[in-house]
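**Q**
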Amino acid sequence: MSLRSKLADLAGLLALKAVRFGPGMGRSFPGWTVIKVGGFDAVRELARRPEYGVVLITGTNGKTTTTRLACALLAEDAEVSCNYDSNTINAVTTGLLKGRKAELVVTEYGIRSREYGIPDTVCELVDPLAIAYTTISKEHFRENADKKDPFGAYFEAKRLLARPLKDGVLVLNADDPRVTYIRDEKRGDPVEYVFYGLEVEIEDLTPPTEELECPACGGELDYETRYFNHKGLYSCRDCEFSRPDPDVAVVRLKGGPDEWEVTLSYDVTNAVIGERLEGKVTYELPLPGLHNVYNSVCAISLYLAVTPRPEDPEGTIRRVIEGLNPLEFIPSGRFEVLNVGGKPVGVGQGDNGDAFKANANLMLSVAGDVGACVYTTPDEGEHPIFEMHRIILRALEPDELYVFPGRESVKAAEEYYEELTEEFDAEFYPIPHERMQEKVEEMRRVCEEADGPVFASGCGPEREMWEALKRELRGG
Numbered sequence: 001m002s003l004r005s006k007l008a009d010l011a012g013l014l015a016l017k018a019v020r021f022g023p024g025m026g027r028s029f030p031g032w033t034v035i036k037v038g039g040f041d042a043v044r045e046l047a048r049r050p051e052y053g054v055v056l057i058t059g060t061n062g063k064t065t066t067t068r069l070a071c072a073l074l075a076e077d078a079e080v081s082c083n084y085d086s087n088t089i090n091a092v093t094t095g096l097l098k099g100r101k102a103e104l105v106v107t108e109y110g111i112r113s114r115e116y117g118i119p120d121t122v123c124e125l126v127d128p129l130a131i132a133y134t135t136i137s138k139e140h141f142r143e144n145a146d147k148k149d150p151f152g153a154y155f156e157a158k159r160l161l162a163r164p165l166k167d168g169v170l171v172l173n174a175d176d177p178r179v180t181y182i183r184d185e186k187r188g189d190p191v192e193y194v195f196y197g198l199e200v201e202i203e204d205l206t207p208p209t210e211e212l213e214c215p216a217c218g219g220e221l222d223y224e225t226r227y228f229n230h231k232g233l234y235s236c237r238d239c240e241f242s243r244p245d246p247d248v249a250v251v252r253l254k255g256g257p258d259e260w261e262v263t264l265s266y267d268v269t270n271a272v273i274g275e276r277l278e279g280k281v282t283y284e285l286p287l288p289g290l291h292n293v294y295n296s297v298c299a300i301s302l303y304l305a306v307t308p309r310p311e312d313p314e315g316t317i318r319r320v321i322e323g324l325n326p327l328e329f330i331p332s333g334r335f336e337v338l339n340v341g342g343k344p345v346g347v348g349q350g351d352n353g354d355a356f357k358a359n360a361n362l363m364l365s366v367a368g369d370v371g372a373c374v375y376t377t378p379d380e381g382e383h384p385i386f387e388m389h390r391i392i393l394r395a396l397e398p399d400e401l402y403v404f405p406g407r408e409s410v411k412a413a414e415e416y417y418e419e420l421t422e423e424f425d426a427e428f429y430p431i432p433h434e435r436m437q438e439k440v441e442e443m444r445r446v447c448e449e450a451d452g453p454v455f456a457s458g459c460g461p462e463r464e465m466w467e468a469l470k471r472e473l474r475g476g
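Residues 1 to 476, numbered by the UniProt record's numbering, are exactly what the sequence shown covers, in order.
(1) Can you tell me whether Cys217 is buried or exposed, with buried defined as 16 or more other CB within 10 angstroms of its CB?
(2) Which residues in the same chain have their Cβ closer than 6 Å to the Cβ of Pro326, if we skip the five residues on either side of it in sequence?
(3) For Gly62, does the count of other Cβ atoms within 10 angstroms reach 16, so buried, or fall short, so exposed?
(4) Residues in its own chain within less than 6 Å of Asp238 by CB, not counting five upstream and five downstream?
(5) Using a Cβ-Cβ cut-off of 8 Å (strictly less than) and excluding sequence neighbours within five positions of Asp425, which residues of its own chain qualify?
(6) Do the segment 102-112 and the segment 314-323 meet, that is, are 3 or more Cβ pairs less than 8 Å apart?
(7) Buried or exposed: Gln437, going by 16 or more other Cβ atoms within 10 Å of its Cβ?
(8) Within the chosen definition, does the segment 383-394 reach the segment 334-346 through at least 3 CB pairs nearer than 8 Å?
(9) Distance check for Asp175 and Pro244, CA to CA, integer angstroms please.
(10) Do Tyr196 and the ligand MG come close, with the Cβ less than 6 Å from some heavy atom?
(11) Work out the CA separation of Glu311 and Phe335 for me, nearest whole Å.
(12) What are the start and end residues of each continuous beta strand (DSSP E) run of 3 or more residues lying completely inside the segment 213-253, in chain order?
(13) Taking its Cβ as the centre, do 16 or more other Cβ atoms sit within 10 Å of Ala70, making it buried, or is it exposed?
(14) Just how far apart, CA to CA, sit residue 484 and Ile202?
(15) For the pair the segment 251-265 and the segment 205-215, tell me if three or more CB-CB distances fall below 8 Å.
(16) Identify the residues that DSSP records as bridge partners of Ile57: which are they?
(17) Which residues in the same chain have their Cβ closer than 7 Å to the Cβ of Tyr234, if we skip the five residues on either side of it in sequence?
(18) Going by DSSP, name the residue or residues bridged to Asn339.
(19) Does the segment 350-357 come close enough to the segment 118-126 that 3 or more CB-CB pairs lie under 8 Å?
(20) At a cut of 8 Å, does the segment 163-172 reach the segment 86-94 through at least three beta carbon pairs?
(21) Taking the beta strand (DSSP E) that Glu192 falls in, what are its first and last residues?
(22) Quick test of your reading: Pro308 and Asp369, contact by CB under 8 Å. State the CB separation rounded to the nearest angstrom.
(23) For Leu324, which residues of its own chain have a beta-carbon under 6 Å away from its beta-carbon, when the five flanking residues on both sides are left out?
(24) Classify Pro430: buried if its beta carbon has 16 or more other beta carbons within 10 angstroms, exposed otherwise.
(25) If you run the structure through DSSP and keep just helix, strand and coil, what is Pro23?
(26) Less than 7 Å between the beta carbons of Met363 and Gly346, yes or no?
(27) How is the beta strand (DSSP E) around Gly353 delimited, first residue to last?
(28) Whole angstroms is fine: what's the gap from Arg72's alpha carbon to Asp247's?
(29) Smallest Cα separation from Cys236: which of Glu442, Lys280, Val306, Cys214?
(30) Do the segment 32-46 and the segment 268-276 make contact, defined as three or more Cβ pairs closer than 8 Å?
(31) State the Cα-Cα distance for the pair Glu434 and Gly406, rounded to the nearest angstrom.
(32) DSSP three-state label for Thr88, please.
(33) Pick out whichever of Cys123, Arg4, Arg48, Thr60 has its Cα sitting closest to the Cα of Val34.
(34) Going by DSSP, what residue range makes up the beta strand (DSSP E) through Leu264?
(35) Excluding the five sequence neighbours on either side, which residues of its own chain have a C-beta within less than 7 Å of the C-beta of Val440, listed in chain order?
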């Protein structure tokens, strides 16, 4: 290690200690300090320290849950350091600094734009053992608003993370055409692939929020089955692009919506020991919704691909997954269905089409129908997200719709509300973010007083709004 990298390491460790005594910047400041002192060479040095390497987990939805599950599984077989809610190279570097003595470093890596996340640079510096993708859905229009095609720029940024990878493993969702397309872009590169997906008879409960074009040629995709939104069994009418056979497949799925019995078959070559792991395992998943089935399968696929000591993988999978406490495990602000005065009230963030749809499907599975919706709007420049939300609101057919600003612009929220009045009996509550406590209390009042099952979801801060609303509805 060079003198400069040693100084960067020391400065980063001092920064780690400093952030423990003050609010904010805990995820990014130590990493920023390392890069400021040692440059990108210091990041390379940190990434070389874990004996078995670094694992990155990305996607639009499910990143945090998948990262937590993967860390819990891998921690049974190795010394693992885990890093959550990382969206920048500074935050990733902080995770490497914290995991400097670990055998494996596992870090969530959310990518909002190419400029903000520099994903190709991160891959080149970290040289990961594996990259796992959950889903790629339409989001982050504001962060790419200066681009001619904001979602196209976001999609490109997500794919860029995998593009420099020349040696390692890509764990990909076979049921998501956008994720599968990463393989097509990398044909010829010396990379191993582990595909995961469903092979069961199950159909989506609500309409798709978008019609997806073939990512390879722009043609029309045919779906034999839609499991959830754009995820399913697909093939292109105009080219050879189609869903690959999964290496880790759900072959039986029972129960739901609050908990599931999942049977997986797997055939994976482990990247650390070079041995083939093959078998079948059944586990009880105590997490709600089909989206969490996907999260668990992604985490298990990653575990099978990189665990350095797979002595009893099936026993580890059952023990870890079945031992989860859902109340402690579900990330802050995520959707839950509560019992409020004897009626079901579903509450949680749904800031893109996939997440909002997942919440609605879970609500319908639990309650059967919806009497009232509390909807929190996207911001200006996010009309495509509003259109996806509106498709699901139509499917829910609420008798009453209560509209609140979900993000910063009250003006944009009012414009979305005006569009909704053309189809729904709606009321608007123009309470800005600066009066968040007042907004949460008004949302609580509406949820408590509305007739029938209540669905409350949309955009907004995970902790300051959605988690606060859940606390209020639980009685503080």
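Glycine included, every Cβ here is placed at the ideal spot set by N, Cα and C.
**A** Answer, in terms of the structure:
(1) Burial check for Cys217: the Cβ neighbour count within 10 Å stays below 16, so the residue is exposed.
(2) If we look at Pro326 and ignore the five residues flanking it on each side, its Cβ neighbours are Pro286, Leu287.
(3) Gly62 comes out buried.
(4) For Asp238, where only same-chain residues beyond five positions count, the Cβ hits under 6 Å are Cys217, Gly219.
(5) Asp399, Glu400, Leu401.
(6) Note that the segment 102-112 does not touch the segment 314-323; fewer than 3 beta-carbon pairs, one per stretch, sit closer than 8 Å.
(7) By the Cβ-count criterion, Gln437 is exposed, with fewer than 16 other Cβ atoms from all chains shown falling within 10 Å of its own Cβ.
(8) No, they do not touch.
(9) When rounded, the distance between both Cα atoms is 8 Å.
(10) The ligand MG is not part of this structure, which contains no ligands at all.
(11) Between the alpha carbons of Phe335 and Glu311 lies a gap of roughly 36 Å.
(12) Inside the segment 213-253, DSSP marks whole beta strand (DSSP E) runs of 3 or more residues at positions 221-228, 231-236, from first to last along the chain.
(13) Result: buried.
(14) Here the chain covers residues 1 to 476 and nothing more, so residue 484 does not appear.
(15) No, the segment 251-265 does not touch the segment 205-215.
(16) Paired residue(s): Glu108, Ala132.
(17) Excluding sequence neighbours, Tyr234 sits near Pro177, Leu221, Asp222, Tyr223, Ser242, Arg243.
(18) In the DSSP output, where bridge partners are listed per residue, Asn339 has Pro344.
(19) Under the 8 Å Cβ criterion, the segment 118-126 does not count as touching the segment 350-357, having fewer than three qualifying pairs.
(20) Cβ pair count under 8 Å is below three, so no.
(21) 192-198 is the extent of the beta strand (DSSP E) around Glu192.
(22) At roughly 49 Å, the Cβ-Cβ gap does not stay under 8 Å, so Pro308 and Asp369 are not in contact.
(23) Closer than 6 Å at the Cβ level, and outside the excluded window around Leu324, lie Pro286.
(24) Pro430 comes out exposed.
(25) Residue placement at Pro23 cannot be trusted, given a pLDDT of 47 that sits under 50; what the coordinates show is reported in the next sentence. DSSP, reduced to helix, strand and coil, places Pro23 outside both helices and strands of the structure shown, so it counts as coil.
(26) Result yes, Cβ atoms of Met363 and Gly346 sit closer than 7 Å.
(27) First-last for Gly353: 353-367, but that is the alpha helix (DSSP H), not the beta strand (DSSP E).
(28) For the record, residue 72 in the displayed sequence is Ala; it is not Arg. Whole-angstrom Cα-Cα distance: 22 Å.
(29) The shortest Cα separation from Cys236 among Glu442, Lys280, Val306, Cys214 belongs to Cys214.
(30) Too few Cβ pairs lie closer than 8 Å, so no.
(31) In this structure, the CA atom of Glu434 is about 12 Å from the CA atom of Gly406.
(32) Residue state, collapsed to three classes: coil.
(33) Of Cys123, Arg4, Arg48, Thr60, the smallest CA-CA separation from Val34 is found for Arg4.
(34) That run of the beta strand (DSSP E) goes 260-269.
(35) If we look at Val440 and ignore the five residues flanking it on each side, its Cβ neighbours are Met465, Ala468, Leu469, Glu472.
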